[in-house]
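K.L.:
Residue numbers (the working numbering): 1 to 101.
The structure under discussion is supplied below as structure tokens; questions concerning it will follow.
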């Protein structure tokens with residue numbers, strides 16, 4: 001049960017990142033522009049801090065789409081090594097041969 005909720009939480013974060021990306025980029029540009037007055041830059045930093053925390057791209061984490069596992073993640077397949085092994089053994093991944101000796 002916990003695994004599914006982590007997958008849903010990650011999807012929610014992805015939606016928030018996409019929603020606030022333009023606003024965040026605009027505020028960062030203002031805040032880092034040395035030619036603007038200090039007060040304006042400070043206000044931009046405050047507005048940036050008021051955005052939802054989960055809308056920051058650095059909060060995204062690669063997770064297995066099947067199990068929610070954050071470690072040993074294959075980006076190309078979007079699944080973890082454990083899920084890859086199980087699907088490979090069951091013959092559900094085309095071109096993958098699971099050897100055992």
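The C-beta atom is built at its ideal place from N, Cα and C for all residues, glycine as well.
Since residue 80 and residue 67 should fall inside the 8 Å C-beta cutoff, what is the C-beta to C-beta distance between them, to a whole number of angstroms?
P.N.:
Cβ atoms of residue 80 and residue 67 come within 8 Å of each other, at about 6 Å.
K.L.:
Measure the beta-carbon distance from residue 61 to residue 10 and round it to whole angstroms, keeping in mind my assumption that it falls under 8 Å.
P.N.:
Residue 61 to residue 10, Cβ: 7 Å. Contact.
K.L.:
Beta carbon of residue 40, beta carbon of residue 30: below 8 Å?
P.N.:
yes
K.L.:
Taking DSSP's pairing of strands, which residues face residue 79 in a bridge?
P.N.:
Beta-bridge partners assigned by DSSP to residue 79: 74.
K.L.:
Could you spell out the range, first to last residue, of the alpha helix (DSSP H) harbouring residue 49?
P.N.:
38–50
K.L.:
Excluding five sequence neighbours on each side, which residues of the same chain lie with their C-beta closer than 8 Å to the C-beta of residue 52?
P.N.:
Cβ within range, chain order: 16, 20.
K.L.:
Let me check understanding here. Comparing Cα to Cα, which of 75, 56, 74 lies closest to residue 12?
P.N.:
56
K.L.:
Give me, in chain order, the residues of the same chain whose beta-carbon lies closer than 6 Å to that of residue 1; leave out the 5 immediate sequence neighbours on both sides.
P.N.:
With a pLDDT of only 46 at residue 1, under 50, the local geometry of the prediction cannot be trusted, and the value read off the model is given with reservation. Excluding sequence neighbours, residue 1 sits near nothing in its chain.
K.L.:
Buried or exposed: where does residue 75 fall if 16 or more other Cβ atoms within 10 Å of its Cβ makes it buried?
P.N.:
Flag for residue 75 reads exposed.
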